[in-house]
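K.L.:
Chains as they are written, first to last, in our numbering: chain A, 100 to 364; chain B, 100 to 364.
Every residue, glycine too, gets a C-beta built ideally from N, C-alpha and C.
Please find one structure pasted underneath; my questions will follow.
2 protein chains.
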Amino acid sequence: MTKEQNGIDTQKKPHILVCNDDGIEGEGIHALAAAMKKIGQVTVVAPAEPHSGMSHAMTLGVPLRIKKFFKNSRFFGYTVSGTPVDCIKVALSHILPSKPDLIVSGINYGSNTATNTLYSGTVAAALEGAIQGITSLAFSLTTYEHADFTYAGKFARKLARKVLLEGLPPDTILSVNIPNVAESEIAGIVVTQQGRSRWEEDAIERNDMYGNPYYWLNGTLLLLDNDLRKDEFAVRHNYVTVTPLSCDLTSHGFLGTLEQWNLQK
Amino acid sequence: MTKEQNGIDTQKKPHILVCNDDGIEGEGIHALAAAMKKIGQVTVVAPAEPHSGMSHAMTLGVPLRIKKFFKNSRFFGYTVSGTPVDCIKVALSHILPSKPDLIVSGINYGSNTATNTLYSGTVAAALEGAIQGITSLAFSLTTYEHADFTYAGKFARKLARKVLLEGLPPDTILSVNIPNVAESEIAGIVVTQQGRSRWEEDAIERNDMYGNPYYWLNGTLLLLDNDLRKDEFAVRHNYVTVTPLSCDLTSHGFLGTLEQWNLQK
Numbered sequence: 100m101t102k103e104q105n106g107i108d109t110q111k112k113p114h115i116l117v118c119n120d121d122g123i124e125g126e127g128i129h130a131l132a133a134a135m136k137k138i139g140q141v142t143v144v145a146p147a148e149p150h151s152g153m154s155h156a157m158t159l160g161v162p163l164r165i166k167k168f169f170k171n172s173r174f175f176g177y178t179v180s181g182t183p184v185d186c187i188k189v190a191l192s193h194i195l196p197s198k199p200d201l202i203v204s205g206i207n208y209g210s211n212t213a214t215n216t217l218y219s220g221t222v223a224a225a226l227e228g229a230i231q232g233i234t235s236l237a238f239s240l241t242t243y244e245h246a247d248f249t250y251a252g253k254f255a256r257k258l259a260r261k262v263l264l265e266g267l268p269p270d271t272i273l274s275v276n277i278p279n280v281a282e283s284e285i286a287g288i289v290v291t292q293q294g295r296s297r298w299e300e301d302a303i304e305r306n307d308m309y310g311n312p313y314y315w316l317n318g319t320l321l322l323l324d325n326d327l328r329k330d331e332f333a334v335r336h337n338y339v340t341v342t343p344l345s346c347d348l349t350s351h352g353f354l355g356t357l358e359q360w361n362l363q364k
Numbered sequence: 100m101t102k103e104q105n106g107i108d109t110q111k112k113p114h115i116l117v118c119n120d121d122g123i124e125g126e127g128i129h130a131l132a133a134a135m136k137k138i139g140q141v142t143v144v145a146p147a148e149p150h151s152g153m154s155h156a157m158t159l160g161v162p163l164r165i166k167k168f169f170k171n172s173r174f175f176g177y178t179v180s181g182t183p184v185d186c187i188k189v190a191l192s193h194i195l196p197s198k199p200d201l202i203v204s205g206i207n208y209g210s211n212t213a214t215n216t217l218y219s220g221t222v223a224a225a226l227e228g229a230i231q232g233i234t235s236l237a238f239s240l241t242t243y244e245h246a247d248f249t250y251a252g253k254f255a256r257k258l259a260r261k262v263l264l265e266g267l268p269p270d271t272i273l274s275v276n277i278p279n280v281a282e283s284e285i286a287g288i289v290v291t292q293q294g295r296s297r298w299e300e301d302a303i304e305r306n307d308m309y310g311n312p313y314y315w316l317n318g319t320l321l322l323l324d325n326d327l328r329k330d331e332f333a334v335r336h337n338y339v340t341v342t343p344l345s346c347d348l349t350s351h352g353f354l355g356t357l358e359q360w361n362l363q364k
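Structure, rendered in structure tokens:
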């Protein structure tokens, strides 16, 4: 029985599916795949094109194509002509020989904190994994440019090892946000809740060359949280945030009140 | 001060924004708008095209257009060339003069129960309303054909009145699923939780005329729930289900365990 340098039994080497929403050419997925290759056998299945803000969208009216993607003439992974959720579905049904041990999604350009969680294709890919009964993680870096994935990759690997060991409850993923700073500037690692920060000024109006208006979704994230237990606040203070998210959207706390409404009448 | 027949003070007549994901030509939004017109002042803003399965997707890379939509030569509402979430964002920022009192989304063709909740554009439009601080409801009918919206419209109106009176907690919507049967066959109205039923066999493979494979997402909803407190089970037994959903995906029950992982080390 052979052992690898990292001490993991190769006969039990975990199979890790890597996905993202920035598309297979995004730098972040290359950093994440490289990090995961140190602890497992990796298959990359990612959107052919960027799909930021696609949330849990899936493609219903159009067929999907699978293609091989090469980087520097070497096979890197598969592209799917659809959304992050499409990638997970097609990977599980037609690309992988069996269920992977872990799904990791990212590393996303830009944080997926607070209400952004709902728009995120990166988070949705991990949630789709959880729906399919697979341990899943989402990773995001708080920048759209000058990204340094060094520490993020390292932390992703560390957390993946931990999660492979400990497991996660059913229907639950971890969504990780990492400040885009050097490791020495990381303030710490905190377990957080999804904050309430949200976008303001959601669409700007412009006129086309014929004088007809069109609208671009746009805005700034309004910080509505003020403690380190909330993801957006903590990540702005250079903490790595680890937020457990559930596929179960039920507002359990409101069930009792709602039952007292006597809707039967 | 004038009063309307329905007893609502017209000077305080609630302003209701009506949206959907089947697009402005879907029968369900016409039934819902008609139901709401009996209790409030209605503005319809819906996708120009069907957007089923679009979840909380928003349009980032393409500008949006707003158009007026006429039905039988009478103005019915506005279309937005995007997703249900785009519609809510653009309606609030550029169409409505002020925040509406209520957002209703639907009536969707097909149930939005269990894990379908995450894929649903109908539910996402209501969740976007809740993010924006507006009381919001989503309605779905359990059929794709031979839809009879009579009872669904009646129940939507009844629930809208109740919710305008009672309000909802922050970040919380109600997602309602209505069996496609006559009112006499409705077994009752139950407050439910999002069930765990999910789709199986997610993509079928076919070959194109050149022999190259393509994939259609497809499948059957696997019933994994077996009691009336779960939406999919209850609606299959002809109950109207009312499920409170939250924009906060945090798995609060797992926070404590996760903190004990000591991720700092």
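1. Are A:THR367 and B:SER350 close, meaning C-beta to C-beta below 8 Å?
2. What did DSSP end up calling B:ARG256 once you bin it into helix, strand or coil?
3. Let me make sure I understand the geometry here. Which of A:TYR338, A:ILE303 and A:GLN140 has the alpha-carbon closest to that of B:PRO162?
4. Run through DSSP, which three-state label would A:ASN215 get?
5. Within its chain, find whatever has a CB closer than 7 Å to the CB of B:VAL334; leave out the 5 residues flanking it on each side and keep chain order.
6. Which class does B:LEU348 belong to by DSSP, given the choice of helix, strand or coil?
7. Quick check on A:GLU304 - is its C-beta less than 8 Å from some C-beta in chain B?
8. Three or more C-beta pairs under 8 Å: does that hold for the stretch 251-270 of chain A against the stretch 229-238 of chain A?
9. Just checking my contact of B:GLY252 with B:ALA130 at CB under 8 Å: how many whole Å lie between their CB atoms?
10. When you compare only the Cα positions, how much space is there between B:LYS112 and B:THR178?
11. Just the Cα atoms here: how many angstroms apart are B:PHE169 and B:LYS329?
12. Hey, which unbroken runs of the beta strand (DSSP E) at 3 residues or more fall wholly within the stretch 171-216 of chain B?
13. Quick one: any contact between the stretch 116-128 of chain B and the stretch 143-157 of chain B, if contact means 3 or more CB pairs under 8 Å?
14. Buried or exposed: where does A:THR109 fall if 16 or more other Cβ atoms within 10 Å of its Cβ makes it buried?
15. Take A:MET157 as the anchor and find which of B:GLY139, B:TRP298 and B:ALA190 has the nearest alpha-carbon.
16. Quick check: B:SER274 and B:VAL189, are their CB atoms within less than 8 Å of each other?
17. When the Cα of A:LEU322 is compared with those of A:ASN215, A:ASN207 and A:GLU124, which residue comes out closest?
18. Buried or exposed: where does B:LEU264 fall if 16 or more other Cβ atoms within 10 Å of its Cβ makes it buried?
19. Using a 10 Å radius around the Cβ and a threshold of 16 neighbouring Cβ atoms, would you call B:PHE332 buried or exposed?
20. How long is the line joining the alpha carbons of B:ALA286 and A:GLN363, rounded to whole angstroms?
21. Rounded C-beta distance between A:GLY176 and A:ALA145? I'm assuming under 8 Å.
22. In three-state DSSP terms, what is B:PHE248?
23. Nearest-angstrom Cα distance between A:PHE254 and A:ILE206?
24. Which residues, in chain order, does the stretch 140-173 of chain B contribute to contact with chain A at a C-beta distance below 9 Å?
25. Going along the stretch 316-341 of chain A in order, which residues come within less than 7 Å of chain B, judged by CB to CB distance?
26. List the residues of chain A that B:ARG297 touches, going by C-beta distances under 7 Å, in chain order.
27. Is there a Cβ of chain B sitting closer than 8 Å to that of A:CYS118, yes or no?
28. Helix or strand or just coil, what does DSSP make of A:LEU316?
29. Look up A:PRO278 in the DSSP assignment and give the residues it is bridged to.
30. Would a C-beta distance cut-off of 8 Å place B:THR234 and B:LEU201 closer than the cut-off?
31. From the DSSP secondary-structure annotation, give me the bridge partner or partners of A:PRO343.
32. Could you say which of B:GLN293, B:TYR208, B:ASP247 and B:THR319 lies nearest to B:THR342 if we only look at CA atoms?
33. I'd like the list of long-range same chain contacts for B:GLY106, defined as Cβ closer than 7 Å, with 5 residues on each side in sequence excluded.
34. Is the shortest distance between the beta-carbon of A:PHE353 and the beta-carbons of chain B less than 8 Å?
35. Ends of the beta strand (DSSP E) at B:VAL290?
36. If you reduce the DSSP assignment to three classes, tell me which class B:GLY106 lands in.
P.N.:
On the basis of the supplied data:
1. The structure shown does not extend to residue 367 of chain A, since chain A spans only 100 to 364, so no value can be given for it.
2. As a first step, residue 256 of chain B must be located in the second sequence, where it is residue number 157. Correct three-state label for B:ARG256: helix.
3. Locating residue 162 of chain B in the second sequence gives position 63, counting from the first residue. Out of A:TYR338, A:ILE303 and A:GLN140, the CA that lies nearest to the CA of B:PRO162 is found in A:ILE303.
4. Here the question's residue 215 of chain A lines up with position 116 in the first sequence. Residue state, collapsed to three classes: helix.
5. The residue labelled residue 334 of chain B in the question sits at position 235 within the second sequence. Hits under 7 Å: SER210, THR212, THR241, ASN276, PRO278 and THR340.
6. Translated into the one-based positions of the second sequence, residue 348 of chain B becomes position 249. Coil.
7. In the first sequence, residue 304 of chain A corresponds to position 205, counting from 1. Yes, A:GLU304 counts as interfacial toward chain B.
8. Verdict: yes, contact present.
9. In the second sequence, counting from the first residue as 1, residue 252 of chain B sits at position 153. In the second sequence, counting from the first residue as 1, residue 130 of chain B sits at position 31. The distance from the Cβ of B:GLY252 to that of B:ALA130 is about 5 Å, consistent with a contact at the 8 Å cut-off.
10. The sequence position of residue 112 of chain B within the second sequence is 13, counting from 1. The sequence position of residue 178 of chain B within the second sequence is 79, counting from 1. Rounded to whole angstroms, the gap between the alpha carbons of B:LYS112 and B:THR178 is 24 Å.
11. Walking along the second sequence from the start, residue 169 of chain B turns up at place 70. Walking along the second sequence from the start, residue 329 of chain B turns up at place 230. Straight-line measurement puts the Cα of B:LYS329 at about 39 Å from the Cα of B:PHE169.
12. If you keep only unbroken beta strand (DSSP E) runs of at least 3 residues inside the stretch 171-216 of chain B, you get 173-179 and 201-208.
13. Look at the beta carbons and you see the stretch 116-128 of chain B touching the stretch 143-157 of chain B: at least three pairs across the two are nearer than 8 Å.
14. Translated into positions along the first sequence, residue 109 of chain A becomes position 10. Its pLDDT being 48, under 50, A:THR109 is placed unreliably in this model, and the coordinates cannot settle the point.
15. Position 58 of the first sequence holds residue 157 of chain A. Checking every option, the nearest Cα to that of A:MET157 belongs to B:TRP298.
16. Within the second sequence, residue 274 of chain B is the residue found at index 175, counting from 1. Within the second sequence, residue 189 of chain B is the residue found at index 90, counting from 1. Not a contact, by the Cβ cut-off of 8 Å.
17. Within the first sequence, numbered from 1, the residue matching residue 322 of chain A stands at position 223. Per the Cα distances, A:ASN215.
18. Position 165 of the second sequence, counted from the first residue, corresponds to residue 264 of chain B. Exposed, because fewer than 16 other Cβ atoms sit within 10 Å of the Cβ of B:LEU264.
19. As a working note, residue 332 of chain B is residue 233 in the second sequence. It is buried - the Cβ of B:PHE332 has at least 16 other Cβ atoms within 10 Å.
20. What you label residue 286 of chain B is simply residue 187 of the second sequence in a count that begins at 1. What you label residue 363 of chain A is simply residue 264 of the first sequence in a count that begins at 1. If I take the Cα positions, the gap works out to 10 Å.
21. Within the first sequence, numbered from 1, the residue matching residue 176 of chain A stands at position 77. Within the first sequence, numbered from 1, the residue matching residue 145 of chain A stands at position 46. 6 Å between Cβ atoms; contact.
22. The residue you call residue 248 of chain B lines up with position 149 of the second sequence. Collapsing the DSSP output to three states places B:PHE248 in coil.
23. As a first step, residue 254 of chain A is located in the first sequence; it is residue number 155 there, counting from the start. As a first step, residue 206 of chain A is located in the first sequence; it is residue number 107 there, counting from the start. Rounded to the nearest angstrom, the two C-alpha atoms are 11 Å apart.
24. For the stretch 140-173 of chain B, the set of residues with a beta-carbon nearer than 9 Å to any beta-carbon of chain A comprises PRO149, HIS150, SER151, GLY152, MET153, SER154, HIS155, ALA156, MET157, THR158, LEU159, GLY160, VAL161, PRO162, LEU163, ARG164 and ILE165, in chain order.
25. Listed in sequence order: LEU316 and VAL341.
26. For the purposes of this step, residue 297 of chain B is taken as residue 198 along the second sequence, with counting starting at 1. Chain A residues near B:ARG297: ILE230.
27. Your numbering for residue 118 of chain A matches position 19 in the first sequence. Answer no: the Cβ-Cβ gap between A:CYS118 and chain B never drops below 8 Å.
28. The residue you call residue 316 of chain A lines up with position 217 of the first sequence. Three-state result, A:LEU316: strand.
29. By one-based count along the first sequence, residue 278 of chain A stands at place 179. Under DSSP, no beta-bridge partner is assigned to A:PRO278.
30. Residue 234 of chain B sits at position 135 when you count from the first residue of the second sequence. Residue 201 of chain B sits at position 102 when you count from the first residue of the second sequence. Here B:THR234 is near B:LEU201, since their CB atoms are less than 8 Å apart.
31. By one-based count along the first sequence, residue 343 of chain A stands at place 244. Bridge partners of A:PRO343: A:LEU273.
32. Reading the second sequence from its first residue, position 243 is the one you call residue 342 of chain B. With respect to the C-alpha of B:THR342, the residue from B:GLN293, B:TYR208, B:ASP247 and B:THR319 having the closest C-alpha is B:GLN293.
33. Within the second sequence, residue 106 of chain B is the residue found at index 7, counting from 1. Annotation note: pLDDT 43 at B:GLY106 (below 50); position unreliable, coordinate value reported separately. So no residue of the chain qualifies.
34. Here residue 353 of chain A corresponds to residue number 254 of the first sequence, with the count starting at 1. Answer yes: the Cβ-Cβ gap between A:PHE353 and chain B drops below 8 Å somewhere.
35. By one-based count along the second sequence, residue 290 of chain B stands at place 191. If you look at B:VAL290, you'll find it in the beta strand (DSSP E) that goes 287-290.
36. Within the second sequence, the letter at position 7 stands for residue 106 of chain B. Unreliable positioning characterises B:GLY106 in this predicted model, as indicated by a pLDDT of 43, which lies under 50. The coordinate reading is nonetheless provided below. Residue state, collapsed to three classes: coil.
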